[in-house]
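Counting from 3, one number per residue, gives the positions in the sequence shown under this note's numbering. Virtual Cβ for every residue (Gly too), placed ideally from N, Cα, C. Below is one structure; the comments refer to it alone.
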Amino acid sequence: IMHRAAREGDRGEVYALIVNGADIDALDEAGWTPLNHALDNGHNEVTKLLINNDCALSMPNKEGWLPLHTAAYKGNIVATQLICKKGCPPDCEDYEGQTALHKAASQGKATVVTYLLMAKADATKGAHNSTTALHCAALGGHTEVVTALLLVDSTLVNQATRDGFTALHCAAASGFVHNVQAILKAKAFVDPRMDGATPLHIATEYGNVEVMQALLDA
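Structure below.
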């Protein structure tokens, strides 16, 4: 019952269930807690109620995501702040080694990215395949996030994944020329090779003339 109430944002019912001793961290058939449902549906008042009643913040769902990951992915700055202030480490990882910063960056959630960086999230931290938040932002075409991450640590610009992808490879694949220009401005190597392929090769393969020209002009 609490899962449904949390999913629907029914704060009154959630409160009544807590008062009557319902398990605040009970898992449903999908392996989700009431907090997972509240976060997934953006119900901040229910989220606040659950957190203030000491629900678990370190319990992963079946995908290995912690509540902070969901809040960051959704761009929910209120929930992100609540969870961090309750002591959840900003660099907590999911099963693939991704952090909340990866999640927010992949969706272009600049406000959450900025907050996490202020909370000392590690921008250089790679997932299990060495993908950083910068790679995620570059691939998604999120120039504002790319710029914010590079302001924190410009050396990220040439950091490669396990497969040899740099942020410039990712930006070239995304096809957003402003993204490519922002990364080039941060002194990215123009011709890093990933299995022999440079960013220009990738832009050519995708037929993106603007990106090709930006790379040739660099």
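query	result
Anticipated Cβ contact below 8 Å, I204 with H180, distance rounded	Between H180 and I204 the Cβ distance is about 17 Å, and since that is not below 8 Å, they are no contact.
Own chain, CB closer than 6 Å to H39, minus 5 neighbours either side, in chain order	H5, A8 and R9
N- and C-terminal bounds of the alpha helix (DSSP H) containing L29	Element bounds for L29: n/a, residue is neither H nor E.
A112 vs H71 beta-carbon contact at 8 Å	no
For L68, the three-state DSSP class (helix, strand or coil)	coil
Three-way DSSP call (helix, strand, coil) for A106 in this model	helix
Exposed unless 16 or more other CB atoms sit within 10 angstroms - verdict on N54	exposed
Limits of the unbroken alpha helix (DSSP H) element including K76	That residue, K76, is in no alpha helix (DSSP H); it is neither H nor E in DSSP.
Contact under 8 Å by Cβ, T163 with T133	yes
Buried or exposed (CB count within 10 angstroms, at least 16 for buried), Q109	buried
First and last residue of the uninterrupted alpha helix (DSSP H) at D42	P36 to D42
Which of helix, strand or coil DSSP assigns to C172	helix
Pairwise C-alpha distance: N63 and D96	9 Å
Between the CA atoms of L218 and A81 - distance to the nearest angstrom	43 Å
Q183 versus A216: straight-line alpha-carbon distance, rounded	7 Å
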